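For the record, the sequence lines run as chains A and B. The numbering used here puts the first residue of the first sequence at 160, with every later residue one more than the last. The numbering used here puts the first residue of the second sequence at 34, with every later residue one more than the last. Glycine included, each C-beta is placed from N, C-alpha and C at the ideal position. Remember, it's a predicted structure, so these values are computed and weren't measured experimentally. What follows is a single structure, written as structure tokens, with notes after it.
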Amino acid sequence: MKPRIHGLLAAFASEASCRSALRDLREAGFVRVDAYTPYPVAPGLIPESRTPIAPIMLITAILGACGGFFLQWFAARDYPINVGGRPINSWPAFVPITFELAVLTSALVGVIAFLGLAGLPRLHHPVFADPRFKRASQDRFFICVRADDPLYGSEAVRRTLAAAKPESVEELLA
Amino acid sequence: MANEALIAPGQTFESVTRTISDIPLLRPYPRFWWTGFCAAFVLVLLLLASIAWLFARGVGIWGINVPIAWGFAIVNFVWWIGIGHAGTFISAILLLLHQQWRTSINRFTEAMTLFAVACASIYPVLHLGRPQFFYWLVPYPDSMGLWPQFRSPLEWDVFAVSTYASVSLLFWYVGLLPDLATMRDRAGTRFKERLYGLLSLGWRGDARHWMHYQKLYILLAGLAAPLVISVHTIVGLDFAVSILPGWHSTIFPPYFVAGAIFSGFSMVLTLIIPLRAVYKLQGLITARHLDLMAKVMMATGWIVIYGYFSEFFNAWRSGDVFDRFVDVNRAVGPYAGYFWALMACNVVAPQLLWVRRLRHNVVVLFIVALLVNVGMWIERFMIVITSLHRDYLPSSWGMFHATFWDYSTLFGTVGLFAALLFLFMRLLPAISMSETRGLLATDKADQ
């Protein structure tokens, strides 16, 4: 049986060469391409630029605030304390906790959403099998053209990658 | 170029990664580490003994009494939580303001925040009297049909401090993820590789992950920035909402927030000056960092001085005999020594930093920072004790005498803080490697 292939992993010494390789691959029509960098690079490296993190955190902040206010409003009705005839729903006193709970829920859900979007935790991944990949978290930039790309297997993959002068190119098993 | 002095010339991705990650991974445990950690650990044992004795005998082992019911527990709580605030200020507010100099110090100061909050949160629970019922502060549908008093600043504190601790932890951990992956990839042994690998959650630096990550990080900073202000505002309201002369003042929330950042920056300087000397991190934590931190300390110090002035001015202008008495009593009463020590530490000492030569002298800077730490503790002592000890009724005046257990608990938490910092230094990268690499990359692009 032929071993399953994850893709072709190329290592680059600089952000600039990695960036130009990605651009060439995109122009050549490749779509299933992953990039790995040791620090967050400026936008434009990958075509995707939208992330739903902000709307998710905004909505959960609003929900957290509503929940926090409701909790205090409910408690004030459930066990009413009449202080000199002041209103039971003394909303100004409920503002701090409402704010704190908005922040807490938004931060918690934001982190969970991030993990979900990134598919983490995932302790095993084909790229980890490559000993070169240890430098992806240090000082090297990697591009992986995945085997599920429709153009994978054509000569264009290696040619396009080679044009950007990678340090090395090797095939990864899935 | 603006950030030239933020990283010494000649640093590369490789050298940055090596300098930072070798400290926990390769360097042997130096003698100062063992000495320091053991000393701190002895204090942790003292803290445990103090807490055990407190649980056995109750809060009567402390010097608290009526009228001074708050005592050291609240002084220490406010002091510690204030120290924590600089970490969030550096990591969140300076991030939002695009101050790149935060990069070398944010990891360390976030850790400091976490440990300071851990120390702070012990005190209110110990001070409860019946600490086994601490969970009564949390709203849950209990069998007695009771709820916590949501209109009380003390209950706001419960939510503020627990939210602050949780969000600080999340922010710190999210920031650590890429560096934990670096640690995994540089680990020399199988055990370390697995440990850091598990902690890094399998981070692999995928560009799409970075995209989500950066958005999350900036939004967490956006949440943490108002959060840190809300926390110390609420701590200020613990005092200001009461009707006690010396506490009942609208200046308290902003004055407390400025005081918190003032004391926090002085603690950062106190810790980072020895750290960079011992681990030779001068290439990453440069003279410019120290200079900027000294300036933030002076700026917040002046807000604090304005707070002192405002208290006196308002007491005088109010014409209220009790308000005026509090301030006179602070300056010439039985606690006058504390007041003048406070003035020396917080008002006079930081003014040395106006002189560039003194500001750039690490020994002077270290001593000033140390004095401000002490001064900020005295400030909270003065606020808590002198306001309580003589209020409206002279027949109920009293004096506070701290006992051995007051001091043992205070120094015990100092030990806990130090022990956690020693462990942090040995186990995790104390400077954010991924952010420093990013800073280097923008440096190169600018050239």
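Check                                                                                                                          : Outcome
Per-residue contacts from L167 (chain A) into chain B (C-beta, under 8 Å)                                                      : Residues of chain B passing the Cβ test: none, with the nearest at roughly 16 Å.
Chain A contact for R241 (chain B) (CB, 8 Å cutoff)                                                                            : yes
Chain-ordered residues of the stretch 211-222 of chain B with a beta carbon less than 8 Å from chain A                         : P211, A214, T215, R217, D218 and R219
Close beta carbons around Y229 (chain B), own chain, < 7 Å, minus the five adjacent residues each side                         : L213, M216, R217 and A220
First and last residue of the uninterrupted beta strand (DSSP E) at A170 (chain A)                                             : I164 to F171
Chain-ordered residues of the stretch 251-269 of chain A with a beta carbon less than 8 Å from chain B                         : A252, F253, P255, I256, F258, E259, L260, V262, L263, S265, A266, L267 and G269
Residues from the stretch 202-213 of chain A in contact with chain B, defined by Cβ distance under 9 Å                         : P202, L204, I205, E207, S208, R209, T210, P211, I212 and A213
DSSP state of S124 (chain B) mapped onto helix, strand, coil                                                                   : helix
L267 (chain A) Cβ short of 7 Å to the ligand FMN heavy atom set                                                                : With respect to the ligand FMN, the structure offers nothing, as it holds no ligand at all.
Neighbour-count burial assignment, G471 (chain B), 16 or more Cβ in a 10 Å radius                                              : buried
Interface flag, P172 (chain B) vs chain A, CB-CB below 8 Å                                                                     : yes
C-beta atoms of A348 (chain B) and D360 (chain B) nearer than 8 Å                                                              : yes
Beta-carbon proximity list for M466 (chain B), same chain, < 7 Å, skipping 5 on both sides                                     : V49, T50, I53, S54, D212 and T215
Closer than 8 Å to chain A by CB, H131 (chain B)                                                                               : no
CA-to-CA distance, V405 (chain B) to L302 (chain B), given in whole angstroms                                                  : 11 Å
CB contact flag (F433 (chain B), G162 (chain B), <8 Å)                                                                         : no
Nearest-angstrom Cα separation, counted from F414 (chain B) out to F254 (chain A)                                              : The residue asked about is misnamed: residue 254 (chain A) is Val in this sequence, not Phe. Going by the C-alpha atoms only, they are around 29 Å apart.
Proximity winner among A:F189, A:R185 and A:S173, relative to D307 (chain A) (alpha-carbon distances)                          : A:F189
CB of I271 (chain A) within 8 Å of CB of G227 (chain A), strictly                                                              : no
Cα-Cα separation, G238 (chain B) to T68 (chain B)                                                                              : 38 Å
Segment contact, 8 Å Cβ cut-off, at least three pairs: the stretch 151-160 of chain B with the stretch 214-228 of chain A      : no
Helix, strand or coil at D476 (chain B) [DSSP, three-state]                                                                    : helix
Test: T196 (chain B) CB closer than 8 Å to a CB of chain A                                                                     : yes
Environment of I221 (chain A) [buried if 16+ CB atoms lie within 10 Å]                                                         : exposed
Three-state secondary structure (DSSP) of I327 (chain A)                                                                       : According to the sequence displayed, residue 327 (chain A) carries Ser and not Ile. Residue state, collapsed to three classes: strand.
With 16 other Cβ atoms within 10 Å as the buried cut-off, status of A35 (chain B)                                              : Unreliable positioning characterises A35 (chain B) in this predicted model, as indicated by a pLDDT of 43, which lies under 50. The coordinate reading is nonetheless provided below. Exposed is the call here.
Beta bridge counterpart(s) of F301 (chain A) as assigned by DSSP                                                               : A:A170 and A:Y195
Beta-carbon gap between W86 (chain B) and W438 (chain B) smaller than 8 Å                                                      : yes
Spatial neighbours of W189 (chain B) in its chain, beta-carbon cut-off 6 Å, leaving aside the 5 residues before and after      : I267
Span of the alpha helix (DSSP H) around Q231 (chain A)                                                                         : I212 to D237
Minimum Cβ-Cβ distance from V417 (chain B) to chain A less than 8 Å                                                            : no
Between the CA atoms of M458 (chain B) and A364 (chain B) - distance to the nearest angstrom                                   : 42 Å
Neighbourhood of E37 (chain B) by C-beta distance below 7 Å, restricted to the same chain and skipping five residues each side : Because E37 (chain B) sits at a pLDDT of 49, beneath the cut-off of 50, its placement in the model cannot be relied upon, and the point is left open.
C-alpha distance - P280 (chain A) paired with I240 (chain A), whole-angstrom precision                                         : 48 Å
Beta-carbon gap between A170 (chain A) and P325 (chain A) smaller than 8 Å                                                     : yes
7 Å Cβ cut-off: residues of chain A touching T50 (chain B)                                                                     : Q297 and D298
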